[in-house]
Amino acid sequence: MKPNQSHAAPRHAPAALLLTVATAVLVALLVPVPPRAFSAQATGASAAPADARTAAYLEAIRDEPLLLRAFLQAMPKGGDLHNHPSGAAYAESLIAFAAGEGLCVLRATLVLAAPPCDPPAGAVPASAALTDQALYDALVDAWSVRAFVPTPGVSGHDQFFSTFARFGLATGDLGELQLGQHLVHQV
Numbered sequence: 041m042k043p044n045q046s047h048a049a050p051r052h053a054p055a056a057l058l059l060t061v062a063t064a065v066l067v068a069l070l071v072p073v074p075p076r077a078f079s080a081q082a083t084g085a086s087a088a089p090a091d092a093r094t095a096a097y098l099e100a101i102r103d104e105p106l107l108l109r110a111f112l113q114a115m116p117k118g119g120d121l122h123n124h125p126s127g128a129a130y131a132e133s134l135i136a137f138a139a140g141e142g143l144c145v146l147r148a149t150l151v152l153a154a155p156p157c158d159p160p161a162g163a164v165p166a167s168a169a170l171t172d173q174a175l176y177d178a179l180v181d182a183w184s185v186r187a188f189v190p191t192p193g194v195s196g197h198d199q200f201f202s203t204f205a206r207f208g209l210a211t212g213d214l215g216e217l218q219l220g221q222h223l224v225h226q227v
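Each residue of the sequence shown is one higher than the last, beginning at 41 in the working numbering.
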């Protein structure tokens, strides 16, 4: 060892360590877990019914984020077990659907309204958003959490659930079924 040299790690060591850890985490998240990882033999479970083995395995990994993520991703729909088209649709799809259905938008509140539209009174056709970028952007922001910044008293949860009242006319009653069909045809 030369004079004035120490055993300390080079200055770049923390960055290298961070890169190594980040790579390991990404690999753990991206590498699929084979189905046998959830088998009775792998979990030590007996030949109990599948739902009992599944519940036991879920309980065993509840505090293991990487295993829990892999477990949920291996499920149908990635573990998204309860879903409504209106809560899963993009605001852009809702605008297109509302325009196609001839619905109106109240400019002051960005709430959908039934026709007939009355532009002088501020009830414009939803189809106007397809050519009016400012209206389109305002609807996307009002009907989603895009660009939403929480404030005291208004959380992301509040914003998400308040959107349903704004576009509800497109999704209420038969609208939910029609929206689901509209979204299927878009894919």
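We treat Cβ as the ideally placed atom computed from N, Cα and C, and that holds for glycine.
Residues in its own chain within less than 6 Å of residue i by CB, not counting five upstream and five downstream?
i	result
residue 208	none
residue 163	144, 146, 153, 157
residue 124	none
In the DSSP output, which residue or residues are listed as bridge partners for residue i?
i	result
residue 191	194
So, at 7 Å on beta carbons, what are the nonlocal neighbours of residue i in its own chain, with the 5 sequence-adjacent residues on each side left out?
i	result
residue 108	101, 102
residue 159	none
residue 190	196
Skipping 5 residues on each side, what residues in its chain have a beta carbon closer than 8 Å to that of residue i?
i	result
residue 130	184
residue 180	131, 132, 135, 186
residue 178	150
Report, in whole angstroms, the separation of the C-beta atoms of residue i and residue j, which I expect to be a contact under 8 Å.
i	j	result
residue 206	residue 151	5 Å
residue 203	residue 174	No, residue 203 and residue 174 are not in contact; Cβ-Cβ is about 19 Å, not under 8 Å.
residue 140	residue 155	No, residue 140 and residue 155 are not in contact; Cβ-Cβ is about 13 Å, not under 8 Å.
With a threshold of 7 Å, establish whether the CB of residue i neighbours any heavy atom of the ligand ADP.
i	result
residue 133	The ligand ADP is not part of this structure, which contains no ligands at all.
Contact between the stretch 128 to 141 and the stretch 157 to 172 (3+ Cβ pairs under 8 Å) = yes
Enumerate, from N- to C-terminal direction, the unbroken beta strand (DSSP E) stretches of 3 or more residues contained entirely within the stretch 91 to 177.
-> 144 to 146, 151 to 153, 163 to 165
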